[in-house]
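Protein chains in written order, with our numbering: chain A, 1 to 366; chain B, 1 to 366. Backbone N, C-alpha and C fix where the C-beta goes; we use that ideal spot for every residue, glycine too. Right, one structure below, let's go through it.
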């Protein structure tokens, strides 16, 4: 992916805010701006940082384990190593680069690390400026290349779902199915799941975030399967609620209701409407049928390099959507002791509406 | 696990430091003190926090998803929900509990979250005191119950290793083997791997932290397999270097050398010696054979609820080991273009020596 225009935008932002540089530690942001794909094992085990200068060539610092990969992938960046870690490097680099005001990602720096960075900054007369959304703001609207990758991720996820779905039998455990999903993903070429797959059968489906258990699937009950994968860096996320054998009347009624809400939410998508309005379009359908209290979560969220990112579709999100945003639409109804129904598709927001990314219709229109 | 004595120790520490309470956000620490086993999806998606008061009943706060689990597991704690999140709750709770000095885990709080917490603290005239090791200090020495769990984790990991090892064939890809390892772990009852399994064959073994690739296993070359699982909350970590078919002379020589270093390191373990001394005992063996530069990492690390925790066995660790610590002993030699040899066992430090936790000897004494 070409990132020159992104870097130009960041540089403009830095100059406008009188910042000399931005330190990028968040792994998705790092990848987005540089093309360097290494992830972090944890927030304590970084595989590198970017230093985007208001004026000058962008820099990537890493350690010897990632040297070759960074050189190969981050083609627009000058790659250097920090043999003794980031802080000693900044100690010599900040004065050399004449950095006076340094922005950092406050939402991806531990307080303990910040304290150490502050010592280095003070010694070099550098002011630290916490930021939270400089790169995220850019990530929210996807370009054509990103949309193509997300679509491939969605379609591969559906392929995995269909293979698993056709192999479902009563007597399999939720955990066994979840494991097969994740195996199948990797076998078909995904880097891995984009979140822990959820398989919640019968009453377990009443928890929106159920963890796969030893419970065995039975005929006739709703089984909520929420799954997503990462392909070429980009995430997918989809939920289907399926039944082995014949669904009873209650299940059919609720499935149709949730689907109606999903269609209403999807139809409400377009550039210029707020996340709140889209949420309301779907929520009204469920509330009108008397299940408002049983739909306890937001309607959807953005998806990209992260499986949960901006924007949100919920009651509190008053900002407007733009063309190129990718969101999930996932209404649900959860009945304690009975189970749950959730249906989730992904769509791209366009100027005048949306483009649905999912093609699978299993149990959507029964 | 009974945690009363742990809480009593924390309370004493708080009183000594004139702290009114400690906010525990780090998931392993939370589990260690309370018995509440839920993990965090990420540092941004907490499943709860503890508030340990210098005087008074310990508190656990979570949201409705985890209510029942917290009540069932954290038996010594008063469980409450924070329907609007932690910060609004603290806003009412800090004055009510007469908290004036509040300690928090600086190494598990994001700078952005700290800033919000600081606003709440200021409004309530509360001083925030960053801490990094209050709970970790206790976790480093394991009790009998923890040692039993760690041993079960080690033995299950060996069982998985042996099953995978006996199924290894030339032509399998590293990735395929890594995937089978993780499947087998879950099938045998583990919660999952304790880190991403490493399978590095031939030249790929020259990277100490190689990621499993599409490379196919071949006869005669060393294959480094580094794997660990989580059982009942506790981690295991083991490395074997194996060869399909007959190893050549170079491989045998290096395997014997690394094994000799491992035995020297293990023999050096006992309460009272420093991590640095144990590291040196193993390193000397490898350096004497002329491979000092090819053993670029520390000899070992502590293992418990986390797969990497205190203490360390390396050149910079000058603190003394104590009885009840659990460490890995994992020397290695890495030759660019050729491959790597690493052997890793886990042992408990005792007053007069050590107790080895591993029983498997595959390719250890050839």
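Is residue i buried or exposed, if buried means 16 or more other CB atoms sit within 10 Å of its CB?
i: residue 343 of chain B; result: buried
i: residue 301 of chain B; result: buried
i: residue 122 of chain A; result: exposed
i: residue 359 of chain B; result: exposed
i: residue 143 of chain A; result: exposed
i: residue 20 of chain B; result: buried
i: residue 246 of chain A; result: exposed
i: residue 88 of chain B; result: exposed
i: residue 288 of chain A; result: exposed
i: residue 47 of chain B; result: buried
i: residue 107 of chain B; result: buried
i: residue 293 of chain B; result: exposed
i: residue 111 of chain B; result: buried
i: residue 12 of chain B; result: exposed
i: residue 239 of chain B; result: buried
i: residue 44 of chain A; result: exposed
Please check if any C-beta of chain A sits within less than 7 Å of the C-beta of residue i.
i: residue 106 of chain B; result: yes
i: residue 301 of chain B; result: no
i: residue 239 of chain B; result: no
i: residue 112 of chain B; result: yes
i: residue 252 of chain B; result: no
i: residue 50 of chain B; result: no
i: residue 147 of chain B; result: no
i: residue 224 of chain B; result: no
i: residue 186 of chain B; result: yes
i: residue 109 of chain B; result: yes
i: residue 246 of chain B; result: no
i: residue 366 of chain B; result: no
i: residue 164 of chain B; result: no
i: residue 43 of chain B; result: yes
If I measure Cβ to Cβ from residue i and keep anything under 8 Å in the same chain, skipping five residues before and after, which residues do I get?
i: residue 104 of chain A; result: 22, 23, 25, 114, 117, 128, 129, 130 and 131
i: residue 186 of chain B; result: 192
i: residue 77 of chain B; result: 34, 36, 50, 57, 58, 59, 60 and 70
i: residue 321 of chain A; result: 269, 270, 271, 272, 273, 274, 275, 278, 311, 327 and 349
Round the Cβ separation of residue i and residue j to the nearest angstrom and send it over; I've been treating them as touching at under 8 Å.
i: residue 366 of chain A; j: residue 255 of chain A; result: 6 Å
i: residue 346 of chain B; j: residue 154 of chain B; result: 6 Å
i: residue 261 of chain B; j: residue 286 of chain B; result: 5 Å
i: residue 216 of chain A; j: residue 173 of chain A; result: 5 Å
i: residue 149 of chain B; j: residue 234 of chain B; result: 4 Å
i: residue 395 of chain A; j: residue 237 of chain A; result: Since the first and last residues shown for chain A are 1 and 366, residue 395 of chain A lies out of range.
i: residue 126 of chain A; j: residue 84 of chain A; result: Actually they do not touch by this definition, with Cβ atoms about 19 Å apart.
Please report whether the beta-carbon of residue i lies at a distance below 7 Å from any beta-carbon of chain B.
i: residue 65 of chain A; result: yes
i: residue 5 of chain A; result: no
i: residue 209 of chain A; result: yes
i: residue 132 of chain A; result: yes
i: residue 179 of chain A; result: yes
i: residue 376 of chain A; result: This structure cannot speak to residue 376 of chain A, because chain A is shown only from 1 to 366.
i: residue 333 of chain A; result: no
i: residue 10 of chain A; result: no
Might you give, ordered along the chain, the residues of its own chain that have their beta carbon closer than 6 Å to the beta carbon of residue i, omitting 5 neighbours on each side?
i: residue 353 of chain A; result: 270
i: residue 350 of chain A; result: 323
i: residue 158 of chain A; result: 360
i: residue 316 of chain A; result: none
i: residue 152 of chain B; result: 231
i: residue 10 of chain A; result: 52
i: residue 95 of chain A; result: 124
Looking at residue j and residue i, is the spacing between their C-beta atoms short of 7 Å?
i: residue 227 of chain B; j: residue 180 of chain B; result: no
i: residue 241 of chain B; j: residue 224 of chain B; result: yes
i: residue 199 of chain A; j: residue 178 of chain A; result: yes
i: residue 339 of chain A; j: residue 171 of chain A; result: no
I'd like the list of long-range same chain contacts for residue i, defined as Cβ closer than 7 Å, with 5 residues on each side in sequence excluded.
i: residue 35 of chain A; result: 1, 3, 73, 74 and 75
i: residue 318 of chain B; result: 274 and 276
i: residue 28 of chain A; result: 305 and 306
i: residue 86 of chain B; result: 49 and 61
i: residue 195 of chain B; result: 228 and 307
i: residue 188 of chain B; result: 156, 159 and 160
i: residue 64 of chain B; result: 81
i: residue 164 of chain A; result: 177, 180, 181 and 184
Within 9 Å of chain E by C-beta, residues of the segment 24–41 of chain B in sequence order: In the structure shown, chain E cannot be found, because the protein chains are A and B.
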